[in-house]
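Scroll down for the structure; my scribbles are underneath it.
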Amino acid sequence: MALDRETLKTNFEKHGFAVSFFDTAEEARAYLCAQIHDTTVGIGGCATAVQMGLAEALSTNNAVYTHAITNTRETRMAETNAEAFICSANGVSLTGELVNIDGMGNRVAATLFGPERVFFVIGANKVEPTLEQALWRARNVASPKNAQRLRRKTPCAAKGDRCYDCNSPERICNGFVTIARAMTGARTELVFVDEELGF
Ligand code: SF4
């Protein structure tokens, strides 16, 4: 379904976020490359960034850190300490909130404190009418798909249908973070793309 741009703009701007909209991932990638240059940028290990080729595109003019390429603790720390940080969201509400679920915590940490500029790149498939539905999506749609992508030994990865609130040592859902208003001290921008991107 196409993005309800007017409602998203009204509600997220009211909550202190900057908002931009693009018809295609290609246009959004060009925009991000124009916005982020000659600096350090961290990219959370999200399918959206991989799908868009953001690390490759931004590497032309920046020092890019992403554990999607170099999976070490040092890289995760460098992502969090970068000037700019890019990730997606597991669920987004039309009412103006963001939901992310994390296993280790570095991705959500970087969206809360550290980088001075945070960009959430959001495909149309991530948007739900309410915060409750965005949280449900994050738990029952995004997390099982991410568990499958990461080849985790969890019931959701095996069955691929929903969250089982497991106690698996390979569980990827340890922290649930809702950002209700833009965090103080950083500029947070939502880059909406009218395509299906990531999980
Ligand atoms: S809590 Fe466990 S079952 Fe539920 S989505 Fe996360 S990893 Fe899968």
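Per my numbering, residue 1 is the first one in the sequence shown, and the count goes up by one each step. For glycine and all other residues, C-beta sits at the position ideal for the given N, C-alpha and C. Please read these numbers as outputs of a predicted model, since none were measured by experiment.
What is the DSSP secondary structure of ASN140, counted as helix, strand or coil?
helix
First through last residue of the beta strand (DSSP E) which encompasses LEU190:
Here the beta strand (DSSP E) through LEU190 covers 187-193.
Exposed unless 16 or more other CB atoms sit within 10 angstroms - verdict on GLU56:
exposed
Would the segment 61-80 and the segment 129-146 be scored as touching if the rule is three or more Cβ pairs under 8 Å?
no
What did DSSP end up calling TYR164 once you bin it into helix, strand or coil?
coil
Touching or not, the segment 111-125 and the segment 186-195, by the rule of three or more beta carbon pairs under 8 Å?
For the pair of segments examined, the segment 111-125 was found to touch the segment 186-195: the number of CB pairs separated by less than 8 Å reaches three.
Check whether PHE21 and ALA182 have beta carbons under 7 Å apart:
no
Are VAL50 and ALA68 touching if we call contact CB-CB under 7 Å?
yes
Beta-carbon within less than 8 Å of PHE85's beta-carbon, same chain only, minus the 5 sequence neighbours each way: which residues are those?
VAL41, GLY42, ILE43, GLY44, GLU79, ALA110, THR111, GLY114, PRO115, ARG117, VAL118 and PHE119
When you compare the segment 157-177 with the segment 138-149, are there three or more beta-carbon pairs, one atom per stretch, that lie closer than 8 Å?
yes
Taking the alpha-carbon positions, what's the LYS61 to LEU54 distance?
The question names Lys, but residue 61 is Asn in the sequence shown. A straight-line Cα-Cα distance of about 12 Å links ASN61 and LEU54.
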